[in-house]
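According to our numbering, the sequence shown is numbered sequentially starting from 24.
Even for Gly, the Cβ is constructed at its ideal location relative to N, Cα and C.
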Amino acid sequence: MTMRLNEDRVRGLMLGLLLGDAYDTTSGGTARVQGTCLAQLACFTLEGLIRASVRYDHKGLCHPPSVVWHAWCRWAHVQGLGSSFAAHWGTSGDWPDGWLSQVRPLSMRHGRAPATVAALRRSSVAPAGAVGNSSGHHALTRSLPTAIFASELTNAAQIGADLAGLTHGSPDAASAAAEGVDLVAKLLHGEGDRVELPRQSSSAPPGTAMHALHHGRIAAHAADDLADAIHRARAHGRGATTTAAALYGAANGLRSVPSELVNDLEIAWVADQLAQDAYSQITAKPGGTEFTAAPDPVWWSRYPGW
24 MTMRLNEDRV
34 RGLMLGLLLG
44 DAYDTTSGGT
54 ARVQGTCLAQ
64 LACFTLEGLI
74 RASVRYDHKG
84 LCHPPSVVWH
94 AWCRWAHVQG
104 LGSSFAAHWG
114 TSGDWPDGWL
124 SQVRPLSMRH
134 GRAPATVAAL
144 RRSSVAPAGA
154 VGNSSGHHAL
164 TRSLPTAIFA
174 SELTNAAQIG
184 ADLAGLTHGS
194 PDAASAAAEG
204 VDLVAKLLHG
214 EGDRVELPRQ
224 SSSAPPGTAM
234 HALHHGRIAA
244 HAADDLADAI
254 HRARAHGRGA
264 TTTAAALYGA
274 ANGLRSVPSE
284 LVNDLEIAWV
294 ADQLAQDAYS
304 QITAKPGGTE
314 FTAAPDPVWW
324 SRYPGW
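Here you go:
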């Protein structure tokens, strides 16, 4: 079956993911909602995947996990997590490049990502694998945008697992990421209009990727709307609420995302722009290819594929 990507669902996925993260412990209102570093990392993951696609179009080869790793290094740099990132990547004087690193809210510290930070500090040059045996939900939730590129990647689920394994050493974390990416890919490409229930119960501890996937699926399946998905999953932790909202948004699209909540979310516009750009990169190739001119002359500067 030919997979056909749905832009409305891509945008629903990203905004749902950010809202699930941000509204896990809040009730909304008029104040700006910042979310955590998970939302920031999800944005950099998607930006890295766009750049990987641009690189493949122009070079004919690419290792997406390495390109996403570079994206996470840019996140670590703007977060002020060490000087080694600029020392390695900034030799040309124009690093960090691309547009995302210039978005000020992404440099603000919110929440913790200990497994990711430990892995990045271990090797800012290239992926060196997880430092410990972490099974935290970031391995899953941060990897879900990989599903957007399922039509381009030979095995998106495996790429999701590989991304998880860069920072989280538990095999269960990689398995949850692979399963989550596969499920979201089906929703984004119209292979299912409803989130499937888990096939079996889960004994995974709270806070883990497997726990988040299990309870996120149950909440998204039973929910009447996105806010209900968040409410149903909230008792199971931030990972479950983020997963539930991301799944619900991917299944039901942009129309399912309450505008009043999006208006409160500080980086909603960032996630939505990335979602639209990812869809454009897949369907229209604004940056051109090795053999065709770029319809958008500034695309390469936004998403350098070097």
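Using only the alpha-carbon positions, how far apart do residue i and residue j sit?
i: His251; j: Leu270; result: As written in the sequence, residue 251 is Asp, which differs from the His given in the question. Asp251 and Leu270: Cα-Cα distance of roughly 13 Å.
i: Arg32; j: Gly159; result: 26 Å
i: Trp92; j: His238; result: 28 Å
i: Trp322; j: Gly43; result: 30 Å
i: Ala151; j: Asp185; result: 12 Å
i: Val285; j: Leu38; result: 8 Å
i: Glu313; j: Tyr79; result: 9 Å
i: Asn156; j: Ser198; result: 14 Å
i: Lys82; j: Arg257; result: 44 Å
i: His133; j: Leu297; result: 20 Å
i: Ser106; j: Ala153; result: 20 Å
i: Arg145; j: Trp292; result: 32 Å
i: Leu330; j: Asp216; result: The requested residue 330 does not occur in the structure, where the chain is confined to residues 24 to 329.
i: Asp195; j: Pro320; result: 43 Å
i: Ser279; j: Ala110; result: 44 Å
i: Ser130; j: Phe108; result: 15 Å
i: Ala149; j: Arg222; result: 37 Å
Would you kindly report the start and end of the unbroken alpha helix (DSSP H) that includes residue i?
i: Gly183; result: Ala179 to Thr190
i: Leu288; result: Note, Leu288: premise wrong, no alpha helix (DSSP H); not H, not E.
i: Val91; result: Pro87 to Val101
i: Met131; result: Neither: Met131 is in no alpha helix (DSSP H) and is coded neither H nor E.
i: Leu167; result: Segment: none, Leu167 is in no alpha helix (DSSP H) and carries neither H nor E.
i: Lys82; result: Cys60 to Lys82
i: Lys308; result: Segment: none, Lys308 is in no alpha helix (DSSP H) and carries neither H nor E.
i: His212; result: Run containing His212: none; DSSP gives neither H nor E here.
i: Ala110; result: Ser107 to Trp112
i: Glu175; result: That residue, Glu175, is in no alpha helix (DSSP H); it is neither H nor E in DSSP.
i: Ser324; result: Trp322 to Arg325
i: Thr265; result: Arg261 to Asn275
Rounded to whole angstroms, how far is the Cβ of residue i from the Cβ of residue j, which I believe are closer than 8 Å?
i: His212; j: Ser174; result: 7 Å
i: Ile182; j: Pro87; result: 5 Å
i: Leu210; j: Ala273; result: 4 Å
i: Ala294; j: Cys66; result: 6 Å
i: Leu277; j: Arg27; result: Contact flag wrong, Cβ pair sits at about 17 Å.
Quick one: does the C-beta of residue i sit closer than 6 Å to a heavy atom of the ligand SAM?
i: Pro119; result: For the ligand SAM, the structure offers nothing, since it holds no ligand at all.
Once you ignore the five residues that flank residue i on each side, which residues in its own chain have a CB closer than 6 Å to its CB?
i: Ala317; result: Gly310 and Gly311
i: Pro128; result: Glu289 and Ile290
i: Ala200; result: Ala162, Leu163, Ser166, Gly183, Ala184 and Ala187
i: Leu36; result: Ala269, Gly272 and Ala273
i: Gly260; result: Pro229 and Gly230
i: Ala45; result: Val56, Gly58 and Leu288
i: Thr264; result: Gly43, Asp47, Ile253, Ala256 and Arg257
Please go through the same chain and pick out, in chain order, the residues whose beta-carbon is closer than 8 Å to the beta-carbon of residue i, but skip the five residues on each side of it.
i: Leu64; result: Trp95, Trp98, Ala136, Thr139, His161 and Arg165
i: Arg325; result: Gly121, Trp122 and Asp300
i: Val218; result: Leu206, Leu210, Arg240, Ala243, His244, Leu270, Tyr271 and Ala274
i: Val77; result: Gln304, Gly310, Trp322, Trp323, Tyr326, Pro327 and Gly328
i: Thr68; result: Val91, Ala94, Trp95, Arg165, Ser166, Pro168, Thr169 and Leu186
i: Ala307; result: Pro318
i: Thr53; result: For Thr53, the pLDDT reaches just 41, beneath the cut-off of 50, and the residue's location in the model is therefore unreliable, leaving the point undetermined.
Quick check: is the beta carbon of residue i nearer than 7 Å to any beta carbon in chain B?
i: Ser89; result: Going by chain labels, chain B is absent from the structure shown, which holds only one protein chain.
*Evaluate the contact criterion for the segment 139-154 versus the segment 239-247: three or more CB pairs, one atom per stretch, below 8 Å.*
no
*Indicate whether the contact test is met: 3 or more Cβ pairs, each with one atom in the segment 68-77 and one in the segment 298-309, closer than 8 Å.*
yes
_Cβ contact (3+ pairs, closer than 8 Å) linking the segment 98-110 and the segment 184-204_ = no
*State whether the segment 163-178 contacts the segment 114-122, with contact taken as three or more CB pairs (one from each stretch) at a distance under 8 Å.*
Output reads no: the segment 114-122 does not touch the segment 163-178.
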